[in-house]
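Trainee:
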Amino acid sequence: MAEANAGVVVGLESRIKAIVARHLGVPVEELDVSSRLVEDLGADSLDVAEIELAIEDQFGLEIAGGRSWGLASVGDAIAYVDAHGG
Amino acid sequence: MRTMIAGTGSYTPENVLTNAALEEIVDTTDAWIVERTGIRERRVAAADEAASDLGHEAARRALDMAGVAAADLDGIIVATVTGDVPWPSTAALIQGRLGARKAFAFDVSAACAGSLYALAVGDRFVASGAARRVLVIGADVMTRVVDWKDRNTCVLFGDGAGAMLLAPIDDGGRGILSTHLYCDGTRAGILGIPGGGSRKPLSVELIQAREHFIKMNGREVYRTAVQALEACSLDALRANEMGPDDVAHVIAHQANKRILDATLERLGVPASKCWMNLDRYGNTSAASVAIALDEANRAGGLTPGDVVLMMGIGAGMAWGSAVVRW
């Protein structure tokens, strides 16, 4: 059971990283769970908004009632999607 | 009976403020501005130009195109958030200057959605038969209300005005087919000017705190804009049993190239169908849609029968769309 869950989380992590990498033009290998979008990856506020929307679209979720969820790091995105049933 | 847009006009001030010039004023670069917003330059009103001056010139050009005399106007509606004075309305000032003696006049406040709101209102007057000649003007002098120390906002805005002369048409399916207006007042705090009104009257302290300037939460505005523009465009198309492929032209509020690109991609409309001028004018608020329509019109691209999808969103947040069969 733990292994199956771990598989799901790993799948989620690679999907999130793919979205972030594509939007910021950064190689996926350079992304870490702790990578901060603004401080480490050079994202601006619109990049963060675009990534939030892309994640919501891909996982069919609305996380903060249509508002920004204050996404700061790759790890945040994984945690939010996991928590909201993505 | 429907409403047609019988004439269009626009005016942007002569003085050009380039990104290079902005590098001298605030901590930014041309490359950053172009990459993040798509804006290369914007127009700045002359010291003796206010919203009514820009609007009056755009109005004159629309009246000339339509061959209508100001004295024949029944109504003047001006969308603005930077009127000459807090009151009386900029529409009244333009009415007086045009000599449009018969015309009622009032301003509409819907920020960057102003043109769409004013167009919807004007359409109601004409299509109902209550008025025969209504001038809808979008005019804003945003460079007078941006904080030139805030590099996140001061690079985005420019000055200008656009006008649309509305008249009745009874020609099987041509004219404004529908208009759609929306608002989410719970998002009022993400964009606007907080001071100088009845909530926080003008004072020395207020000016020192720079609260008489535009404040914006870019992330929230972007999110709201992309989702709202997609939704209201689809509403407008569905209301007319149309889809994205039926659209010949998109006339959209010119705020930021990334908002436009994201919205068009979501709609499935090629960017080539959307008139773009934000690289030259930046965000001219209520004037934006009307200027874009005039430029598209004068470029000769609008053929009778073409479906034009119009959309805009602004502080409120307020947004709207319209479908016109030209």
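Residue numbers (the working numbering), protein chains in the order written: chain A, -12 to 73; chain B, 539 to 864.
We put the beta carbon where it would ideally sit given N, CA and C, even for glycine.
Being a predicted model, the structure only gives us computed values, none of them experimental.
(1) Can you give me the C-alpha to C-alpha distance between B:S859 and B:A677, rounded to a whole angstrom?
(2) Nearest chain B C-beta to A:L33 closer than 8 angstroms, yes or no?
(3) Do the CB positions of B:A790 and B:C812 come within less than 8 angstroms of each other?
(4) Taking the straight line between their C-alpha atoms, what separation do you get for B:M754 and A:D27?
(5) From which residue to which residue does the alpha helix (DSSP H) around B:M603 run?
(6) Would you say the segment 651 to 662 of chain B touches the segment 612 to 621 of chain B, given that touching needs at least three Cβ pairs under 8 angstroms?
(7) Can you give me the Cβ contacts of A:M(-12) inside the same chain, cut-off strictly under 7 angstroms, excluding the 5 residues immediately before and after it?
(8) Tell me whether B:I731 sits in a helix, a strand or coil according to DSSP, three-state version.
(9) Hey, quick one: how far does the alpha helix (DSSP H) through A:G62 stretch, first residue to last?
(10) Would B:G756 pass as an interface residue toward chain A - the criterion being a Cβ-Cβ separation below 8 angstroms?
(11) Which class does B:I851 belong to by DSSP, given the choice of helix, strand or coil?
(12) When you compare the CB of A:A36 with every CB in chain B, is at least one pair closer than 8 angstroms?
(13) Grab the span of the alpha helix (DSSP H) containing B:I871 for me, first residue to last.
(14) Rank B:R581, B:G652, B:A777 by C-alpha distance to the C-alpha of B:F695 and give the top, closest one.
(15) Anything in chain A within Cβ reach of B:V764, meaning under 7 angstroms, just list it in chain order.
(16) CA-CA distance, A:A8 and A:L18?
(17) If you draw a straight line from the alpha carbon of B:G730 to that of B:A763, how long is it in whole angstroms?
(18) Quick one: which chain A residues come within Cβ less than 8 angstroms of B:R574?
(19) On the premise that B:G593 lies in contact with B:A865, defined as a C-beta separation below 8 angstroms, what is that separation, rounded to the nearest angstrom?
(20) From B:E595 to A:K4, what distance separates their C-alpha atoms?
(21) Please name the residues in the segment 786 to 807 of chain B whose beta-carbon is closer than 8 angstroms to at least one beta-carbon of chain A, in chain order.
(22) In chain A, which residues lie with their C-beta within 7 angstroms of the C-beta of B:Y549?
(23) Counting only beta-carbon separations shorter than 8 angstroms, does B:Y760 have a partner in chain A?
(24) Count the other C-beta atoms from every protein chain shown that fall within 10 angstroms of the C-beta of B:T567, then say buried if there are 16 or more, exposed otherwise.
(25) Please confirm whether A:S55 has its beta-carbon closer than 8 angstroms to some beta-carbon of chain B.
(26) Which same chain residues end up closer than 7 angstroms to B:V759 when comparing Cβ atoms and leaving out the 5 residues on each side of it in sequence?
(27) With DSSP as the reference, label A:M(-12) as helix, strand or coil.
(28) Between the beta-carbon of B:T541 and the beta-carbon of B:V674, is there less than 8 angstroms?
(29) Looking at the structure shown, is B:A583 part of a helix, part of a strand, or coil, going by DSSP?
(30) Compute the Euclidean distance between the alpha carbons of B:G535 and B:W864, then round it to the nearest angstrom.
(31) Please identify the residue among B:V788, B:G756, B:Q765 whose C-alpha is closest to the C-alpha of B:D688.
(32) Where do the ends of the beta strand (DSSP E) carrying B:T724 lie?
(33) Give, in chain order, every unbroken run of the alpha helix (DSSP H) that is at least 4 residues long and sits entirely within the segment 6 to 60 of chain A.
Mentor: In brief:
(1) 19 angstroms
(2) yes
(3) yes
(4) 24 angstroms
(5) 589 to 604
(6) yes
(7) Bear in mind that a pLDDT of 49 at A:M(-12), under 50, signals an unreliable position, so the number given afterwards is only what the model happens to contain. Excluding residues within five positions, none has a Cβ falling inside 7 angstroms.
(8) coil
(9) 61 to 70
(10) yes
(11) strand
(12) yes
(13) Any question about residue 871 of chain B goes unanswered here, given that chain B covers just 539 to 864.
(14) B:R581
(15) L40
(16) 8 angstroms
(17) 15 angstroms
(18) D31, L33
(19) The question about residue 865 of chain B has no answer, for chain B in this structure spans 539 to 864.
(20) 52 angstroms
(21) N794, R796, A800
(22) Neighbours of B:Y549 on chain A: none; closest Cβ ~30 angstroms, over 7 angstroms.
(23) yes
(24) exposed
(25) yes
(26) I728, L729
(27) Model confidence at A:M(-12) stands at a pLDDT of 49, short of 50, so the residue's coordinates are unreliable; what they give is reported in the following sentence. A:M(-12): coil per DSSP, three-state reduction.
(28) no
(29) coil
(30) No answer is possible for residue 535 of chain B: it lies beyond the span of chain B, which begins at 539 and ends at 864.
(31) B:G756
(32) Unbroken run through B:T724: none, as it is neither H nor E.
(33) 32 to 46
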